[in-house]
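Peer 1:
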Amino acid sequence: WTSSHESAAASGSTANGASPAVHEGAAPSTGSVEQVASAVLPSVVKIDVAGSTEAGSGSGIILSSDGEILTNNHVVAIAGTGGSIEVLFNDGSHASAKVLGTDPLTDTAVIKADGVSGLTPATIGQSGQLRVGQQVVAIGSPFGLQSTVTSGIVSALNRPVNVGQDDQGNATVYPAIQTDAAINPGNSGGPLVDMNGDVVGINASIRTASSATDGSESGSIGLGFSIPIDEVMPIVDQMVKGETPTHAKMGVSIGNVTGGSTSLIEVGAEVGSVTPGSAAAKAGLQQGDIITKVDDFQITGADSLIATVRSYRPGDQVTVTWERNGEEMSASVALGSD
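Note that this note's numbering gives residue 76 to position 79 of the sequence shown, counting from 1, and the numbers run on in steps of one.
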């Protein structure tokens, strides 16, 4: 950090002792980053987490006036079973918090701050209305720097992002909003908002050019990824109610298309096995089939299929398209539940 020194003129002293002129700042213009920041900052918190062997911090989105807060599962997971969670609000106040629910498969969690009221809930928007090139704003606490605002655009939509596995080996993959707004470690769990100030995503991960060599965390190179809010709000509602989150399921084991495949195409998800009685079985899928589409979503690989299916809810009716021995086939089927 470097100090900032004001000059005598900047500090307001004048040679003749007259009072300096004071210029009132203009009101934020409608749809500006300044206006968005002013509206959304009261609804964003910093989250400090301490566990038995490590500590960390992240960000969160206020959902209710009495302290329900949405964040990432990987933020609160540090606390384990006996750790602590502290929430720091934009006005400088703080409160301890407890976990209401977690969902490793979508990397989301809901916590509840203790003994608070009168908070400003965020306005939830629609990620399905986003367009590539649209301006967005990210707010959070990168590297612990609370109430940091960055802006950029939507760089891509439905980008399959795989950030690991849960305890049962299920992949944590989501159809991410890619943005060039600066997102760094500590932004996790904070909101990505549109220029109306509505939450359209949960900032969750970044891609870096390389790992830092000094033991510190790598930072943003303009490749940030947010979980679309449309896909996770039903799961958030389940966690708030204390229910176990559910996810749509097709009922196949899959892999990327390999050179040894009999497929005539190079993209898609190759079926390894089909669970009897599953949605995939009812659709007529077989081992070796190459799934190329779910509704109008192009499937480019295994992660793409997982992310796409996770964007639906159990029971949703979808049209699955696949290729078998050079022939394209399709069927409509209701997705199952895990």
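Idealized CB from N, CA, C, for every residue including glycine.
(1) Just to confirm my understanding: we take Thr120, look at its own chain, exclude 5 residues before and 5 after, and list those with CB closer than 6 Å. What are they?
(2) What's the C-alpha gap between Leu97 and Lys109?
(3) Where does Ile287 sit, in a helix, a strand or coil, going by DSSP?
(4) Mind checking which residues open and close the beta strand (DSSP E) that includes Asn200?
(5) Starting from Asp100, trace the alpha helix (DSSP H) in both directions and tell me its first and last residue.
(6) Whose C-alpha, out of Ser29, Asp100, Ser49, is nearest the C-alpha of Gly239?
(7) Rounded to whole angstroms, what is the Cα-Cα separation between Asp45 and Ala74?
(8) Within 10 Å of its beta-carbon, does Ile59 have 16 or more other beta-carbons around it, so buried, or fewer, so exposed?
(9) Within the same chain, show all residues whose beta-carbon is closer than 7 Å to that of Gln143, passing over the 5 residues directly before and after it, in chain order.
(10) What is the residue span of the beta strand (DSSP E) that Leu154 lies within?
(11) Apart from the five residues on each side of it in sequence, which residues of its chain come closer than 6 Å, Cβ to Cβ, to Val146?
(12) May I ask which residues mark the beginning and end of the beta strand (DSSP E) holding Thr316?
(13) If you run the structure through DSSP and keep just helix, strand and coil, what is Ala331?
(14) What distance in whole Å lies between the Cβ atoms of Val170 and Ile199, which are believed to be in contact at a cut-off of 8 Å?
(15) How should Arg128 be labelled, buried or exposed, when 16 other C-beta atoms within 10 angstroms of its C-beta is the threshold for buried?
(16) Residues in its own chain within less than 7 Å of Gly112 by CB, not counting five upstream and five downstream?
(17) Is it a yes or a no for the region 217 to 227 touching the region 164 to 183, going by three-plus beta-carbon pairs under 8 Å?
(18) Would you kindly work out how many angstroms separate the C-alpha atoms of Ala23 and Asp191, rounded to a whole number?
(19) Quick check on Gln165: does DSSP put it in helix, strand or coil?
(20) If the criterion is Cβ atoms closer than 8 Å, does the pair Ala178 and Asp104 meet it?
(21) Tell me whether the beta-carbon of Leu332 lies closer than 8 Å to the beta-carbon of Lys246.
(22) Classify Glu267 as buried or exposed, calling it buried when 16 or more other Cβ atoms lie within 10 Å of its own Cβ.
(23) Using 8 Å as the threshold, is the C-beta distance between Gly55 and Gly183 below it?
(24) Check Phe294 in the structure and name its three-state DSSP category.
(25) Give the DSSP-derived three-state secondary structure of Met247 in the structure shown.
Peer 2: Reading off the structure:
(1) Asp195
(2) 6 Å
(3) Note: Ile287 maps to strand in three-state DSSP.
(4) 196 to 203
(5) Unbroken run through Asp100 is the beta strand (DSSP E), 91 to 100; no alpha helix (DSSP H).
(6) Asp100
(7) 12 Å
(8) buried
(9) Lys43, Leu85
(10) That run of the beta strand (DSSP E) goes 145 to 162.
(11) Ala34, Ile136
(12) 314 to 321
(13) If DSSP states are grouped into helix, strand and coil, Ala331 belongs with the strands.
(14) About 15 Å separates the two Cβ atoms, so there is no contact after all.
(15) exposed
(16) Ala92
(17) yes
(18) The predicted model places Ala23 with a pLDDT of 49, which falls under 50 and marks its position as unreliable; any figure quoted below should be read in that light. Whole-angstrom Cα-Cα distance: 22 Å.
(19) coil
(20) Their beta carbons are not under 8 Å apart, which means Ala178 does not touch Asp104 by this criterion.
(21) Yes. Within cutoff.
(22) buried
(23) yes
(24) strand
(25) Three-state DSSP puts Met247 in coil, outside helix and strand.
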